[in-house]
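To start, the structure under review is shown below, and the notes come after it.
Numbering (this note's numbering), first residue to last: 52 to 506.
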């Protein structure tokens, strides 16, 4: 059911970054396994590229989306099983079917990007902290492995996972009832985060000669500050006394972060390697100086970006892209002609309709969560309260991090927004179970013997 967007399209969904993820795996494997020549340089998540390489082998992309569907389905099954006591198979199929048809879940499962792995990670954190006792021994090891790979697959996932650990630790310290006895689970998640961070640093040390969490990153924050305005104002006023590399472009700083990073002749693309390294070192000093010089303006703009990102979750990033069409044969030889026949390449994907459907579903789900959480609290359904305590803050934090530090993009929020309908659906299933259980108890209490047997 999750694979229907790819089946409808005629091929897995692609993004310009997908070409890098598909193409980088072979070079990375050659360096790590065959001690091939270094000099590798990429701006993508290397661990994701390595993880999917054995599945596509630069031949066929379908196994990659099959892997992502399997991971998402398996983790969702474990989550549903931990909360639904009876008739789990039928309820699980209904839940996944509804999510696949009315939210972005299926679209991002079929997207060759690490985007779907973020929500999968946050669900595994729930399993490790609140539902570890529902997992069999073998399932625990599988969940540990999934959490480790999804956490290391992208730096944003690692940041949000650390944030969730801090949040849960604070709730534990303040003795929030659902957190009683959850310290061990938090410790497991923290340990996985340490291992994921170590894996990223070790890999970047091998590839680039210097351990780091970001590798060959781009100056997203600088681009954001310049595009917002305060960063550009600061540079225009102070570059006369500064010796920063970016000051060479003071007179032609763009008003768009995309133009700053990607435009031909733009700041980043036209800078030399040495100038790029200097810009990266100057990024934090520029951010601090900008905030000190224009605190109110930057705060207003950042809050505006956060608000726009929070409600911007349409399926608008599946439009055709000429760059994909011109480069796909370099990573998947012979696939270019097939890709040109897809709905995505021909602008025939029903993204407008399903974006509208998702918008209404998310709004209804948010209202359902607001109304359902008090009932869960009254009934002391601590496990599902724990799920909501992870997923709802993650959706908000995702909008904050991406909107303020990167850019407002529908893809960033759409990849996690389906967690809101998932939470609402699980609350509804739990309430349905409680009501049926109450009706059964009332029916059995008609017989004194049966009533006495109810614990």
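We treat Cβ as the ideally placed atom computed from N, Cα and C, and that holds for glycine.
All figures in this text were calculated on a predicted structure; none of them were measured in a lab.
query = By a C-beta neighbour count over all protein chains shown, 10 Å radius and 16 as the cutoff for buried, is residue 255 buried or exposed?
reply = buried
key: Member of 249, 375, 477, 456 whose CA lies at the smallest distance from the CA of residue 417   = 477
inquiry  = According to DSSP, simplified to helix, strand and coil, what is residue 304?
reply    = coil
task = Quick one: measure Cβ to Cβ for residue 204 and residue 250, integer angstroms, because I've assumed they're closer than 8 Å.
result = The Cβ separation is near 10 Å, so there is no contact.
ask   = Distance, Cα to Cα, residue 448 vs residue 211?
value = 8 Å
ask   = From residue 466 to residue 104, what does the alpha carbon distance come to, in whole angstroms?
value = 22 Å
ask   = So residue 135 packs on residue 484, CB below 8 Å; how close in whole Å?
value = 7 Å
inquiry  = Suppose you measure from the CA of residue 129 to the CA of residue 362; what does that come to, to the nearest Å?
reply    = 29 Å
task = Enumerate in chain order the residues of its own chain whose CB-to-CB distance from residue 236 is below 6 Å, with the five nearest sequence positions on each side excluded.
result = 179, 180, 183
ask   = Are there three or more Cβ pairs, one per stretch, closer than 8 Å when the region 55-71 is compared with the region 154-166?
value = yes
ask   = If residue 301 and residue 320 are in contact, beta carbons under 8 Å, what's the gap, nearest whole angstrom?
value = 17 Å between Cβ atoms; not a contact.
query = Using 8 Å as the Cβ pair cut-off and three pairs as the minimum, do the region 401-416 and the region 434-450 touch?
reply = no
Pair within 8 Å by beta-carbon distance, residue 341 and residue 285 = yes
request  = Going by CA-CA distance only, name the one from 395, 275, 480 that's closest to residue 373.
outcome  = 395
request  = Assign residue 505 to one of three DSSP states: helix, strand, or coil.
outcome  = Residue placement at residue 505 is flagged as unreliable, the pLDDT there being 48, under the threshold of 50; a coordinate-derived value is accordingly withheld.
query = Which first and last residues belong to the alpha helix (DSSP H) in which residue 346 is found?
reply = 346-361
inquiry  = Beta-carbon within less than 8 Å of residue 193's beta-carbon, same chain only, minus the 5 sequence neighbours each way: which residues are those?
reply    = 125
inquiry  = Check this for me: beta carbons of residue 167 and residue 123, under 8 Å apart or not?
reply    = yes
request  = Go to residue 508, then tell me how far its alpha helix (DSSP H) extends in each direction, as first and last residue.
outcome  = Shown here, the chain extends from 52 to 506; a query on residue 508 therefore has no answer.
message = Check for me: the alpha helix (DSSP H) holding residue 67 runs from which residue to which?
response = 67-84
Endpoints, alpha helix (DSSP H) assigned at residue 150 = 139-153
Option in 289, 79, 269, 345 with minimal Cα separation from residue 318 = 269
query = In whole angstroms, what is the alpha-carbon distance linking residue 305 and residue 274?
reply = 9 Å
Runs of alpha helix (DSSP H) wholly within the region 401-457 (minimum 4 residues, chain order) = 402-429, 433-456
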